[in-house]
Each structure stands twice: as C-alpha cells, then as structure tokens.
Amino acid sequence: KSREDTVRKIQLILVQSKHIKTKNHVLNNKNKQKKFLKRKRLEKVVRSHF
1005 KSREDTVRKI QLILVQSKHI KTKNHVLNNK NKQKKFLKRK RLEKVVRSHF
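The opening position of the sequence shown corresponds to residue 1005 in our numbering, with each subsequent residue numbered one higher.
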C-alpha cells in the first residue's frame, strides 16, 4: 500500500513540474511577442520621424 502511495506522489510531482514548465514556456513566449511588438512599434515611429 505504501509503495503505491509513493508512486502516486511521484507521478503527481512529475505532472506538476511538467505543468509548471509549460506554463513558464507560454509566459516566455508571451514576453517575447511583447518585446517583438514593442520593437516593431518603435521602428515604425522612428521611420515616420526620419
């Protein structure tokens, strides 16, 4: 019984860590997109000024 419990715990931990990783990945992608959009906007502004 106790062995099953530990196995279940380990699986839970693995699933959680996987979830955290994907969450972080999504957040990173969002930040990259934001930075990219910001840069694009800046380029537009700079072009319109010169």
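Yeah, the Cβ is synthetic: ideal placement off N, Cα and C, and Gly gets one too.
- It is roughly 36 Å from the alpha-carbon of Asn-1028 to the alpha-carbon of Ser-1052.
- Residue state for Lys-1027 is assigned as helix, using DSSP reduced to three classes.
- DSSP places Lys-1039 in the helix class (H, G or I) of the three-state scheme.
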